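Chemist:
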Amino acid sequence: MESASSNANNMPGVLHQLLPVVGPMLLISVGYLDPGKWAATVESGSHYGTDLAALMLVFNFAAILCHYLSARIAVVTGRDLAQICSEEYDKGTCIFLGVQAEMSVIVLDLTMILGIAHGLNLLFGWDLFTCVFLTAANAVLYPLFSTLLETCKAKFVCVCIYMAGFILLSFVLGVIISQPQMPLSMTGMLTKLSGESAFSLMSLLGASIMPHSFYLHSSIVQQHLRQPTVSKDALCQNHFVAIFCIFSGIYLVNYVLMTLAANVFYTSRGLLTFQDAMSLMEQVFWSPIVPVAFLLVLFLSNQITTLSWSLGGQVVLNDFLKLDLPGWLHCATIRIIAIVPALYFVWSSGAEGMYQLLISTQVLAALLLPSSVIPLFRVAASRQIMGIHKISQFVEFLALITLIGMLGLKVIFVVEMIFGNSDWVDNLRWDAGE
Numbered sequence: 000m001e002s003a004s005s006n007a008n009n010m011p012g013v014l015h016q017l018l019p020v021v022g023p024m025l026l027i028s029v030g031y032l033d034p035g036k037w038a039a040t041v042e043s044g045s046h047y048g049t050d051l052a053a054l055m056l057v058f059n060f061a062a063i064l065c066h067y068l069s070a071r072i073a074v075v076t077g078r079d080l081a082q083i084c085s086e087e088y089d090k091g092t093c094i095f096l097g098v099q100a101e102m103s104v105i106v107l108d109l110t111m112i113l114g115i116a117h118g119l120n121l122l123f124g125w126d127l128f129t130c131v132f133l134t135a136a137n138a139v140l141y142p143l144f145s146t147l148l149e150t151c152k153a154k155f156v157c158v159c160i161y162m163a164g165f166i167l168l169s170f171v172l173g174v175i176i177s178q179p180q181m182p183l184s185m186t187g188m189l190t191k192l193s194g195e196s197a198f199s200l201m202s203l204l205g206a207s208i209m210p211h212s213f214y215l216h217s218s219i220v221q222q223h224l225r226q227p228t229v230s231k232d233a234l235c236q237n238h239f240v241a242i243f244c245i246f247s248g249i250y251l252v253n254y255v256l257m258t259l260a261a262n263v264f265y266t267s268r269g270l271l272t273f274q275d276a277m278s279l280m281e282q283v284f285w286s287p288i289v290p291v292a293f294l295l296v297l298f299l300s301n302q303i304t305t306l307s308w309s310l311g312g313q314v315v316l317n318d319f320l321k322l323d324l325p326g327w328l329h330c331a332t333i334r335i336i337a338i339v340p341a342l343y344f345v346w347s348s349g350a351e352g353m354y355q356l357l358i359s360t361q362v363l364a365a366l367l368l369p370s371s372v373i374p375l376f377r378v379a380a381s382r383q384i385m386g387i388h389k390i391s392q393f394v395e396f397l398a399l400i401t402l403i404g405m406l407g408l409k410v411i412f413v414v415e416m417i418f419g420n421s422d423w424v425d426n427l428r429w430d431a432g433e
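Encoded structure:
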């Protein structure tokens with residue numbers, strides 16, 4: 000990291016102060032722009048209007064809390080969350096946490112595969128099966144990324160951070176500028192909190208918080224540029240401001256998509272496809288080049304996500320699973336595993352099946368969340384690990400409420416899936432019967 004520090008010292012003063020704080024969160028936030036998140040938001044808006052917007056805001060605050068704690072742990076201890084967990088938990092628990100993190104990454108990569116495949120289909124008219132196969136070719140770039148990280152890590156990471164910032168800023172500002180009137184409507188929140196809405200709520204929760212991102216964020220913060228002249232408390236506050244601002248922008252984008260979906264699809268209640276979701280994006284940006292921009296954003300986001308996992312994902316392999324694989328081989332393995340269900344669903348169900356798979360991946364991520372946040376909250380509240388910088392009792396209370404909320408929603412979902420007769424349960428049983 001000496002090269003990274005010397006590189007940062009040559010930057011202007013403002014960038015030198017902002018990059019160590021904003022950079023890690025920018026790399027993480029690109030993963031929240033994948034099409035699975037958009038599909039979950041559009042699906043919820045089409046079924047419940049804006050009634051779930053308030054709960055989506057609650058999920059957004061939970062994401063801010065989780066990422067703040069992961070950054071705080073890295074700043075205070077100088078270690079990443081996976082390293083601490085490997086010292087605190089037994090081997091079986093570490094393997095369980097590591098497998099969960101890997102599953103979360105596979106889910107994210109699967110949504111990227113589906114999004115890029117749909118983008119190629121809309122842009123060039125190729126069949127979806129071919130488009131999914133072509134996304135696998137992206138894996139040939141992984142050794143190149145590995146070489147760049149080894150030879151010129153500081154400059155390459157800085158370029159990717161600037162690119163991630165440009166993508167996120169352009170996307171958020173594009174939505175805000177093109178939608179000058181965004182009516183605030185969050186009625187019906189309590190009436191929609193039921194077994195019928197459990198599937199949509201779980202997809203929104205999984206779209207708001209990715210289980211593997213806690214380990215990834217703390218690792219990138221831990222190994223990123225440091226500011227030795229800034230106190231730990233001040234640095235933690237700076238991380239909180241950066242996380243809050245970035246997630247606020249992401250929520251604005253999701254709220255606009257939910258509002259548009261409510262206006263366009265709420266009355267029809269028809270089966271949505273990825274093409275329907277893309278038509279919403281065209282309404283957001285009022286431009287016919289949306290498919291091209293969409294494909295470009297997804298491709299760049301996928302590369303930055305791969306870089307982020309190359310930077311911090313090895314801690315999951317090394318500390319949890321005790322495996323030593325090259326970063327490019329790790330990423331390529333994830334891509335190969337993720338492409339199998341994509342090929343199966345496009346072969347068996349076509350575009351509609353792929354769209355439903357996008358939403359189901361977010362539900363799977365939500366199911367992994369409760370057991371993933373427990374180590375995060377436990378470490379952040381431990382005086383033995385955090386010392387005088389352990390979180391306050393108020394933040395501990397917020398963390399406890401967050402965990403109870405995640406567990407409660409998971410229980411409602413599982414109970415409804417086993418014993419309920421909601422529309423989404425009937426659809427799952429019908430698909431399983433087929």
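The sequence shown lines up with residues 0 to 433 when you count with numbering that gives the first Met the number 0. Ideal Cβ positions, reconstructed from N, Cα and C, are used throughout, including at glycine. No experiment lies behind these values; they were computed from the predicted model shown.
Measure the Cβ-Cβ separation of C244 and Y67 and say whether it is below 9 angstroms.
Modeler: No, they are not a contact pair.
Chemist: With W434 as the anchor, note down where its alpha helix (DSSP H) starts and where it stops.
Modeler: Since the first and last residues shown for the chain are 0 and 433, residue 434 lies out of range.
Chemist: Quick check on the DSSP output: the alpha helix (DSSP H) that includes Y250 runs from which residue to which?
Modeler: Note, Y250: alpha helix (DSSP H), K231 to F264.
Chemist: Tell me whether the beta-carbon of A206 lies closer than 9 angstroms to the beta-carbon of A39.
Modeler: A contact, by the Cβ cut-off of 9 angstroms.
Chemist: Should F396 go down as buried or exposed, given a rule of 16 or more other Cβ atoms within 10 Å for buried?
Modeler: Exposed, because fewer than 16 other Cβ atoms sit within 10 Å of the Cβ of F396.
Chemist: How far does the alpha helix (DSSP H) with F393 in it extend, from its first residue to its last?
Modeler: Run containing F393: Q392 to F418, per the alpha helix (DSSP H) assignment.
Chemist: Our contact map puts I373 next to L402 with C-beta atoms below 8 angstroms; I'd like the distance itself, whole angstroms only.
Modeler: Right, their Cβ atoms sit about 7 angstroms apart.
Chemist: Going by CA-CA distance only, name the one from K321, G312 and I303 that's closest to M111.
Modeler: Selected option, being the one with the closest Cα: I303.
Chemist: Could you spell out where the alpha helix (DSSP H) holding A136 opens and where it closes?
Modeler: That residue, A136, is in no alpha helix (DSSP H); it is neither H nor E in DSSP.
Chemist: Taking 9 angstroms as the threshold (C-beta atoms), are V106 and L316 in contact?
Modeler: Not closer than 9 angstroms, so no.
Chemist: If the criterion is Cβ atoms closer than 9 angstroms, does the pair A70 and P34 meet it?
Modeler: No, these two residues do not count as a Cβ contact at 9 angstroms.
Chemist: Short check: CB of H211 to CB of E101, under 9 angstroms?
Modeler: The answer is yes: Cβ separation under 9 angstroms.
Chemist: Going by C-alpha to C-alpha distance, which of H46, V29, L25 and K36 sits closest to D422?
Modeler: Out of H46, V29, L25 and K36, H46 has the C-alpha closest to the C-alpha of D422.
Chemist: Taking F319 as the reference, which of V21, Y88 and M55 has the closest Cα?
Modeler: Here the closest residue by C-alpha is Y88.
Chemist: For A81 versus G97, is the C-beta distance shorter than 9 angstroms?
Modeler: Going by C-beta atoms, A81 is nearer than 9 angstroms to G97.
Chemist: Determine the DSSP secondary structure at L316, reduced to helix, strand or coil.
Modeler: It is helical.
Chemist: From K231 to L251, what distance separates their C-alpha atoms?
Modeler: Answer to the nearest angstrom: the Cα atoms are 30 angstroms apart.
Chemist: Assign N420 to buried or exposed, taking buried as 16 or more other Cβ atoms, counted over all protein chains shown, within 10 Å of its Cβ.
Modeler: Exposed, by the Cβ-count rule.
Chemist: Excluding the 5 residues preceding and the 5 following N120 in the sequence, name in chain order all residues of the same chain whose CB lies nearer than 7 angstroms to its CB.
Modeler: Only L127 and C130 meet the Cβ criterion.
Chemist: Taking 7 angstroms as the limit between beta carbons, can you name the residues of its chain near E415, skipping five residues before and five after?
Modeler: Only G194, A197, S421 and V424 meet the Cβ criterion.
Chemist: Does the beta-carbon of I335 have 16 or more other beta-carbons within 10 angstroms, so that it is buried, or is it exposed?
Modeler: Result: exposed.
Chemist: Does the Cβ of D323 have 16 or more other Cβ atoms within 10 Å, making it buried, or fewer, making it exposed?
Modeler: Counting Cβ neighbours within 10 Å, D323 comes out exposed, since fewer than 16 surround it.
Chemist: Quick check on DSSP: helix, strand or coil for K389?
Modeler: In the structure shown, K389 sits in coil (DSSP, three-state: anything other than H, G, I, E or B).
Chemist: Less than 9 angstroms separating the beta-carbons of V378 and I63?
Modeler: No, the pair does not count as a contact, with Cβ atoms beyond the cut-off.
Chemist: Going straight from the alpha carbon of A331 to that of A138, what length do you get?
Modeler: Distance between the alpha carbons of A331 and A138 is about 6 angstroms.
Chemist: Excluding sequence positions up to five away, which residues of its chain have a Cβ less than 8 angstroms from the Cβ of V296?
Modeler: So the list reads L32, I166 and F170, once near-sequence residues are dropped.
Chemist: Are S359 and L200 touching if we call contact CB-CB under 9 angstroms?
Modeler: No.
Chemist: For P19, which of helix, strand or coil comes out of DSSP?
Modeler: It is helical.
Chemist: Does the beta-carbon of M0 have 16 or more other beta-carbons within 10 angstroms, so that it is buried, or is it exposed?
Modeler: In this prediction, M0 has a pLDDT of 41, which is less than 50 and means its spatial position is unreliable; nothing more can be read from the coordinates.
Chemist: Which two residues bound the contiguous alpha helix (DSSP H) that contains A62?
Modeler: It spans A52 to T76 - the alpha helix (DSSP H) in which A62 sits, taken as one unbroken run.
Chemist: Out of curiosity, what's the CA-to-CA distance linking I338 and A233?
Modeler: Near 43 angstroms, if we compare the C-alpha coordinates of A233 and I338.
Chemist: Quick one: measure Cβ to Cβ for L26 and I208, integer angstroms, because I've assumed they're closer than 8 angstroms.
Modeler: Rounded, the Cβ-Cβ distance is 16 angstroms, inconsistent with contact.
Chemist: Taking the alpha-carbon of V448 as reference, which of S217, A52, D50 and A135 has the nearest alpha-carbon?
Modeler: Only positions 0 to 433 of the chain appear in the structure, and residue 448 is not among them; the question remains open.
Chemist: Would DSSP call G194 helix, strand or coil?
Modeler: In this structure, G194 counts as coil in the three-state DSSP scheme.
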